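Going down the list, the protein sequences come from chains A and B.
Residue numbering for the first sequence is 1 to 155, as defined by the working numbering.
Residue numbering for the second sequence is 1001 to 1080, as defined by the working numbering.
For every residue, glycine included, the Cβ atom is placed at its ideal position computed from N, Cα and C.
Fair warning: this is a prediction, and the values are worked out from it, not measured in the lab.
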Amino acid sequence: MKLFEIIEEAIPVEQVMNKVVHPNCGAVNLFVGTVRELTKGKRTLYLEYAAYKEMAESQLTRIGQEIKEKCPDARIAITHRIGRLAISDIAVVIAVATPHRADSYEYSRYAIERIKEIVPIWKKEHWEDGEAWIGDQKETRAYPTGKPDMGGHES
Amino acid sequence: MIMIKLFAAMAEEAGEETIELPWMEGMSTADVKKWLGERYPMLAPHIPAAMVAVNQEFANVEETLRDGDEVAFLPPVSGG
């Protein structure tokens, strides 16, 4: 069972959740990221995700390790889909199980923010009047050290 | 041989996802950037903004390479 995966098919949400369910955990937080149709009034027809697959999986694993360092009892699974996705299709599922609920909320949020910083996945927006690869969602285009912060965030 | 990997807009503009660069002793990531920008001028504007990964790990600004290394240019990411 792979806890951190890049796949090309529809993400089986419940299977991702079941990877982290555990008797010691009283909370599972599921984050489900879906394809949005309207962004600032602009209509998206569909999206295309591409990844540097091997590195993306190892970076997702790293995010899991960062969370474990902060919360040793946490159990984390992340699946990201690539390829062509339609409006409302699920692009990413993050499952975080922890003994108590506050941690599961906190580290779910942490995981998605880190994905946007350090996991090599890109998306191409296809609009009625054009297309573009979108990066830089966090407006971190300039990396002063030539790479993102790999130390993990304090939280 | 250095295997260069391109993604997203860079792969589209170059028309290639992988490019082979003959190995030369003492080569660094800076040399690869310079070579890529000269050989593929359409990539030159993207190179400064792209992060570089060597063998699937983020690399420092300039890193010495070994024959057989995989050097990937990563535009700012946007997963999720």
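Could you give the first and the last residue of the continuous beta strand (DSSP E) run that contains Ala97 of chain A? DSSP places Ala97 of chain A in the uninterrupted beta strand (DSSP E) bounded by 90-98.
Can you list, in chain order, the residues of its chain with a C-beta nearer than 7 Å to that of Glu57 of chain A? Leave out the 5 residues immediately preceding and following it. Within the same chain, Cβ atoms closer than 7 Å to the Cβ of Glu57 of chain A are found at Phe4, Glu5, Ile6, the five residues on either side in sequence being excluded.
What is the DSSP secondary structure of Ile11 of chain A, counted as helix, strand or coil? coil
Taking the runs of the beta strand (DSSP E) that are 3 residues or longer, which of them lie wholly in the segment 32-106 of chain A? 42-51, 75-81, 83-86, 90-98
Kindly say whether Pro1045 of chain B, judged by its beta-carbon, lies nearer than 8 Å to any beta-carbon of chain A. No, its Cβ sits nowhere closer than 8 Å to a Cβ of chain A.
Helix, strand or coil at Val16 of chain A according to DSSP, with G and I counted as helix: helix
Between which two residues does the beta strand (DSSP E) containing Gly130 of chain A stretch? It spans 130-134 - the beta strand (DSSP E) in which Gly130 of chain A sits, taken as one unbroken run.
What is the residue span of the alpha helix (DSSP H) that Thr1064 of chain B lies within? No alpha helix (DSSP H) holds Thr1064 of chain B; DSSP gives it neither H nor E.
Whole angstroms are fine: how far does the CA of Val1054 of chain B sit from the CA of Thr1029 of chain B? 8 Å
For Pro1075 of chain B and chain A, any beta-carbon pair shorter than 8 Å? yes
Please state the DSSP three-state secondary structure of Val28 of chain A. Strand, per DSSP.
Residues of chain A with CB closer than 7 Å to the CB of Ala1009 of chain B, please, in chain order. Trp133
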